[in-house]
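If you're matching them up, the sequences are chains A and B in order.
Note that this note's numbering has the first sequence beginning at 1346, numbered continuously upward.
Note that this note's numbering has the second sequence beginning at 28, numbered continuously upward.
Structure record follows, encoded as structure tokens.
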Amino acid sequence: MNPESTIARTSNHPRRVLVAGATWFLVYLASRFALQEMRLAAPWTWVATLAHLFAFFWFVSVVERALKSADELRRLIQLEALALAFSTTMVLLMTLGLMEISHGGRLQFPLRDLWAMLPAIYAICFAVAYQRYR
Amino acid sequence: MRNDLRERRAQRDWSQGDLAEKLGVSRQTINALETGKYSPSLELAFKIARLFKVLIEDVFQP
């Protein structure tokens, strides 16, 4: 095994994941802008609504390749981060639901922006899991 | 699980990066193994033992 190729092969994956994730987010923003600000005719609203899915599938394939090249400890860290993030997200959503009930069914928080919490929660949980093995 | 990975590595004058490269894992994995924060899989334990030309029990102790 060529040492250079192993390092080169694995060191680019985080960058690729970030680029794919950023692309997905930018396509989402573009779709949102098109839907909110432009008067799109009927078929184009569907195009704008679904366009980000292509970027999403690319993101998933990049993440899959990154995970395949990860060693056993990194896979364990990812698993722990996902488990922690999933349960944290559940608790947060349950809390938001209860807050909605306590505020008479109206929360000043648009449902369409709820997803933005999830990457942040995952990033925090990944940092926590990563720190355990430092 | 305890191990003497650090000592064996030092005897050969290898850095953590060198050992990681030889085993096909990240430097973080080697550091976590040496500090006892992580126990390797059976496959990795065999790789380590084969690399140092010893038995698994010579490297890892409960």
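A virtual CB, placed ideally from N, CA and C, is assigned to each residue, including glycine.
Delimiting residues of the alpha helix (DSSP H) encompassing residue i
| i | result |
| --- | --- |
| threonine 1368 of chain A | 1358-1382 |
| glycine 44 of chain B | 43-50 |
| histidine 1397 of chain A | 1387-1414 |
| serine 1432 of chain A | 1417-1447 |
| proline 1464 of chain A | 1462-1477 |
| valine 86 of chain B | 83-86 |
| leucine 69 of chain B | 69-79 |
Simplified DSSP assignment, three categories, for residue i
| i | result |
| --- | --- |
| glutamine 1453 of chain A | coil |
| arginine 29 of chain B | strand |
| lysine 64 of chain B | coil |
| arginine 39 of chain B | coil |
| methionine 1346 of chain A | Reliability fails at methionine 1346 of chain A, whose pLDDT of 43 lies under 50, so the model's placement of it is uncertain and the value that follows must be treated cautiously. Three-state result, methionine 1346 of chain A: coil. |
Alpha-carbon spacing of residue i relative to residue j, whole angstroms
| i | j | result |
| --- | --- | --- |
| leucine 1412 of chain A | methionine 1444 of chain A | 37 Å |
| valine 1362 of chain A | aspartate 45 of chain B | 26 Å |
| tyrosine 1373 of chain A | histidine 1397 of chain A | 5 Å |
| alanine 47 of chain B | arginine 33 of chain B | 12 Å |
| alanine 1461 of chain A | serine 53 of chain B | 31 Å |
| alanine 1387 of chain A | leucine 1380 of chain A | 11 Å |
| leucine 1421 of chain A | tyrosine 1467 of chain A | 15 Å |
| serine 1414 of chain A | arginine 39 of chain B | 28 Å |
| glycine 63 of chain B | phenylalanine 1399 of chain A | 43 Å |
| asparagine 1357 of chain A | arginine 1410 of chain A | 11 Å |
| alanine 1474 of chain A | glutamine 1423 of chain A | 8 Å |
| arginine 1360 of chain A | tryptophan 1403 of chain A | 14 Å |
| phenylalanine 1471 of chain A | glycine 1366 of chain A | 16 Å |
Contact list for residue i against chain A, beta-carbon separation under 7 Å
| i | result |
| --- | --- |
| alanine 59 of chain B | Leu1418 and Tyr1478 |
| glutamine 55 of chain B | Leu1418 and Tyr1478 |
Status (buried if at least 16 other CB within 10 Å, exposed otherwise) for residue i
| i | result |
| --- | --- |
| valine 1392 of chain A | exposed |
| threonine 56 of chain B | buried |
| leucine 1371 of chain A | exposed |
| valine 86 of chain B | buried |
| valine 1407 of chain A | buried |
| serine 1376 of chain A | buried |
| arginine 1477 of chain A | exposed |
| leucine 1395 of chain A | exposed |
| alanine 1465 of chain A | exposed |
| alanine 1428 of chain A | exposed |
| leucine 60 of chain B | buried |
Contact list for residue i against chain A, beta-carbon separation under 9 Å
| i | result |
| --- | --- |
| lysine 64 of chain B | Arg1477, Tyr1478 and Arg1479 |
| serine 68 of chain B | Glu1417 |
8 Å Cβ cutoff, residue i in contact with chain C
| i | result |
| --- | --- |
| leucine 71 of chain B | Any reference to chain C falls outside this structure, whose protein chains are A and B. |
Contacts that residue i makes with chain A (C-beta to C-beta distance below 8 Å)
| i | result |
| --- | --- |
| valine 52 of chain B | Asp1416, Glu1417 and Leu1418 |
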